[in-house]
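**Q** First residue of the sequence shown? That's 717 in our numbering, and the numbers climb one at a time after it. Glycine included, every Cβ here is placed at the ideal spot set by N, Cα and C.
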Amino acid sequence: MSPYEGGDIWFYTLVYGDTNNIKKEEREIMKKKIHKIFGVSLTLVMVLSLMMFFAPVAIAADYEENDWGEWGLPDTEPDTDIGPIAVAPDGTLYAGVFYEDASDYFWKVCMSEDDGYTWDDTDLDDLPSDGTARDNLIVSIVVSPNYAEDETVYVGIFDGPDGPVVWRLEDAGDDATSLKPIGNPSSPKVVAKAMLSSVSKRSPPQVTSASMMT
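Rendered as structure tokens:
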């Protein structure tokens, strides 16, 4: 039996119909072409199979890394305004907050220990103010260089009851102490912007240089 009959003849019958009239040379050419086509097809199938096997698998987005989250604000009332913000070495946030309740205006310092998602009041709160926010205006918040040991921050107040004053917040905001007022005695409305050279639990802040601002 010839190589073009029996097992292989169905290829030619499928493609060309009756193979009785096909010459031997033509059958040889057809056989080579069909084998070549099948070889290329098999190669393509194997490549596609490997591509599907090694294709990256889709992973659901991680909320903390690939999506937008919402940070909270130290919001007390609808008209709350945020003043200066300071960040402690351990990530604790301190923010000056001006707000209005049903009868009056106030300043206070809030803190957050979860990157700003939630906020709590410190011991420095409910400092009375007026509608212009100038009374007891919080102008600066400075973190102690030794915060890891003393958990202390300093809050600069403009135009307090006795003029400009610095408050010391210790124990991560649980204890507020008013320090000696600073400013120009002859002009209570002049604010001294001071740099604190050394701040520690044992020694109060020392003013090493100051610039006067009216």
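#1: For E853, tell me which candidate among A864, P861 and V871 has the shortest Cα-Cα distance.
#2: What is the DSSP secondary structure of S765, counted as helix, strand or coil?
#3: Please name the residue or residues paired with P844 in a DSSP beta bridge.
#4: When the Cα of D831 is compared with those of E886, D841 and V803, which residue comes out closest?
#5: Quick check on S845: buried or exposed, where buried means 16 or more other Cβ atoms within 10 Å of its Cβ?
#6: DSSP state of S757, grouped into three classes?
#7: My guess is that D956 and C826 are in contact by the Cβ rule of under 8 Å, so how many angstroms apart are they, rounded?
#8: Applying the 10 Å Cβ sphere with the 16-neighbour rule, what's the burial state of I753?
#9: Output the boundary residues of the alpha helix (DSSP H) element that contains D866.
#10: What are the residues that DSSP puts in a beta bridge with L931?
**A** If we stick to the structure as given:
#1: The residue given as residue 853 occupies position 137 in the sequence shown. In the sequence under discussion, the amino acid at residue 853 is Leu, which differs from the Glu named in the question. In terms of Cα proximity to L853, the closest of A864, P861 and V871 is V871.
#2: Against the sequence shown, residue 765 aligns to sequence position 49. Assigned with DSSP and collapsed to three states, S765 falls in helix.
#3: The residue you call residue 844 lines up with position 128 of the sequence shown. When beta bridges are read from the DSSP output, P844 appears opposite F822.
#4: Within the sequence shown, residue 831 is the residue found at index 115, counting from 1. For D831, the nearest C-alpha among the options comes from V803.
#5: Residue 845 sits at position 129 when you count from the first residue of the sequence shown. Buried.
#6: Within the sequence shown, residue 757 is the residue found at index 41, counting from 1. Here S757 sits in helix by DSSP.
#7: Outside the modelled stretch of the chain, which goes from 717 to 930, sits residue 956, for which no answer is possible.
#8: Numbered from 1 along the sequence shown, position 37 holds the residue referred to as residue 753. Result: exposed.
#9: Numbered from its first residue, the sequence shown carries residue 866 at position 150. For D866, the enclosing alpha helix (DSSP H) begins and ends at Y863 to D866.
#10: Outside the displayed range of the chain (717 to 930) lies residue 931, so it cannot be described from this structure.
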